[in-house]
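Visitor: The structure that follows is given in the form of structure tokens.
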Amino acid sequence: MPASLDGRLVVAISSRALFDFEEENRLFEGANDRAYMDLQLGRIEVPAKPGVAFSLVRKLLAFNTPESADTPADARVEVVILSRNDPASGLRVFRSVSHHGLEIERGVFTRGRSPWRYLKPLQAHLFLSANEADVRQALTAGVPAARVLPHAARAGDAHPDEVRIAFDGDAVLFSDEAERIFQQGGLGAFQDHEVSRARKPLPDGPFRPLLQALHDLRSAIEQPGASRMRIRTALVTARGAPAHERAIRTLMDWGIEVDEAMFLGGLPKGEFLREFEPDFFFDDQTGHVNNAAPHVPAGHVAAGVANLQNAETPERG
Numbered sequence: 478m479p480a481s482l483d484g485r486l487v488v489a490i491s492s493r494a495l496f497d498f499e500e501e502n503r504l505f506e507g508a509n510d511r512a513y514m515d516l517q518l519g520r521i522e523v524p525a526k527p528g529v530a531f532s533l534v535r536k537l538l539a540f541n542t543p544e545s546a547d548t549p550a551d552a553r554v555e556v557v558i559l560s561r562n563d564p565a566s567g568l569r570v571f572r573s574v575s576h577h578g579l580e581i582e583r584g585v586f587t588r589g590r591s592p593w594r595y596l597k598p599l600q601a602h603l604f605l606s607a608n609e610a611d612v613r614q615a616l617t618a619g620v621p622a623a624r625v626l627p628h629a630a631r632a633g634d635a636h637p638d639e640v641r642i643a644f645d646g647d648a649v650l651f652s653d654e655a656e657r658i659f660q661q662g663g664l665g666a667f668q669d670h671e672v673s674r675a676r677k678p679l680p681d682g683p684f685r686p687l688l689q690a691l692h693d694l695r696s697a698i699e700q701p702g703a704s705r706m707r708i709r710t711a712l713v714t715a716r717g718a719p720a721h722e723r724a725i726r727t728l729m730d731w732g733i734e735v736d737e738a739m740f741l742g743g744l745p746k747g748e749f750l751r752e753f754e755p756d757f758f759f760d761d762q763t764g765h766v767n768n769a770a771p772h773v774p775a776g777h778v779a780a781g782v783a784n785l786q787n788a789e790t791p792e793r794g
């Protein structure tokens, strides 16, 4: 039978999101791709250090290892390198993958061209990249995507058997419907709008498919011996009561549970995320992402009204 990715949670990730290639990237961004290639090939035996999304990838791949040696391995997660690197530089990427013991066998290298078109044939549930243009194109194509902040804090090792992911609500899990009301009319209009529609589910946001895929993965591993790994999710939103009700009822309507919900009423999210200790946090507001980055791995979701070109609007999230 031909190989297939059906039934797997598929994560596509750029080499710079997975590994720390910031020094090398300065040559790449300087349009000197030959010097970049030479540098990568010269360091081919030097394993790259883990990047901002390394912990997330390592833990997700651990779902493919059964809890018991007597239980057959069942590949539930697929990670694919999707990179603007040239194929020769990809040699160092895969050498680093092997050094760190990551079970990744697939990769697409496009030598400076945007790789987003390959997300559809990969059936990707998530694309992580440090390139904002690639992320925007992926989101436009309907693939959950985030621009990682390479300088963000790395995930800790306090929860080795648990993947922890935190999501913003509006314009991430949910559509930006309510966010548009806030931008146009302020907090009072936002609260009135949400209270009057408390029992009407919010439309899907760009990361609904990823949350659904995580829900499906959680269901698949509930059987005894399937995996030692577990999933813990959190909704971390600037919403407060009474606007919280519509968010919770929307998740209930989807049939998806989150483990924690933080309705912060506009408080900065960073310190709360520090206590949750996620392997990754997704938010559409650059202010929230920058506030989180000193504490946790964070990515910007360039979706919704807050990310319209030349938008001069306050942040909510």
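Under the numbering used here, the letters of the sequence shown match residues 478 to 794, in that order. No residue lacks a Cβ here, since even glycine has one placed at the ideal position from N, Cα and C.
#1: Entirely within the segment 702-754 and at least 4 residues each: give me those alpha helix (DSSP H) ranges in chain order.
#2: Would you kindly work out how many angstroms separate the C-alpha atoms of V557 and T710, rounded to a whole number?
#3: Which of the three DSSP states is assigned to P686 in this structure?
#4: Quick check: the segment 736-748 against the segment 571-584, are at least 3 beta-carbon pairs closer than 8 Å?
#5: Residues in its own chain within less than 7 Å of E609 by CB, not counting five upstream and five downstream?
#6: Exposed or buried, which one is T714 when buried takes at least 16 other CB atoms within 10 Å?
#7: Identify, in the order they occur along the chain, each residue of the same chain with its Cβ nearer than 6 Å to the Cβ of A552, setting aside the five sequence neighbours on each side.
#8: Short of 8 Å in beta carbon distance, which residues of its chain neighbour Q668, apart from the five on each side in sequence? Order them along the chain.
#9: Quick check on DSSP: helix, strand or coil for F498?
#10: Once you ignore the five residues that flank G665 on each side, which residues in its own chain have a CB closer than 6 Å to its CB?
#11: How big is the Cα-Cα spacing for V534 and R493?
#12: Measuring straight from C-alpha to C-alpha, what distance separates A697 and G742?
#13: From T617, H765 and R583, pick the residue whose C-alpha is nearest to that of R594; which is it?
#14: Per DSSP, E555 is paired with what?
#15: Give the straight-line distance between the Cα atoms of P680 and A724, rounded to the nearest whole angstrom.
#16: On the DSSP letters alone, give me the boundaries of the alpha helix (DSSP H) that D515 sits inside.
#17: Could you pull out every residue in the same chain whose Cβ sits closer than 8 Å to the Cβ of R631, ignoring the five residues on either side in sequence?
#18: Can A675 and L712 be called in contact, C-beta distance under 8 Å?
#19: Report all residues from its chain with a CB closer than 7 Å to the CB of T763; omit the five preceding and five following residues, and keep chain order.
#20: Could you check where the beta strand (DSSP E) with E639 kicks off and where it finishes?
#21: Rounded to whole angstroms, what's the CA-CA distance from E582 to T727? Just pull it up for me.
#22: Please state whether the Cβ-Cβ distance between P683 and P621 is less than 8 Å.
Guide: The relevant details are as follows:
#1: For the segment 702-754, whole alpha helix (DSSP H) runs of length 4 or above, ordered along the chain, are 721-731 and 747-753.
#2: Each residue's alpha carbon lies about 23 Å from the other.
#3: Residue state for P686 is assigned as helix, using DSSP reduced to three classes.
#4: Contact between the segment 571-584 and the segment 736-748 is absent, because fewer than three Cβ pairs lie under 8 Å.
#5: Correct list, in chain order: R624 and A779.
#6: So T714 ends up on the buried side.
#7: These residues qualify, in order along the chain: N541.
#8: Around Q668: P719 and A720.
#9: When DSSP states are grouped into helix, strand and coil, F498 belongs to the coil group.
#10: Nothing listed; no residue qualifies.
#11: Between the alpha carbons of V534 and R493 lies a gap of roughly 13 Å.
#12: Rounded to the nearest angstrom, the two C-alpha atoms are 35 Å apart.
#13: Of T617, H765 and R583, the residue nearest in Cα terms is T617.
#14: Looking at the DSSP assignment, E555 forms a beta bridge with V487.
#15: When rounded, the distance between both Cα atoms is 11 Å.
#16: Segment D510 to G519, the alpha helix (DSSP H) holding D515.
#17: Taking R631 as the centre and dropping the five residues before and after it, the same chain places the C-beta of P527, V529, F531, S532 and P774 closer than 8 Å to its C-beta, in chain order.
#18: The Cβ atoms of A675 and L712 lie no closer than 8 Å to each other.
#19: Around T763, the same chain offers H777 as residues with beta carbons nearer than 7 Å, after the five sequence neighbours per side are excluded.
#20: For E639, the enclosing beta strand (DSSP E) stretches over residues E639 to F644.
#21: About 37 Å.
#22: A contact, by the Cβ cut-off of 8 Å.
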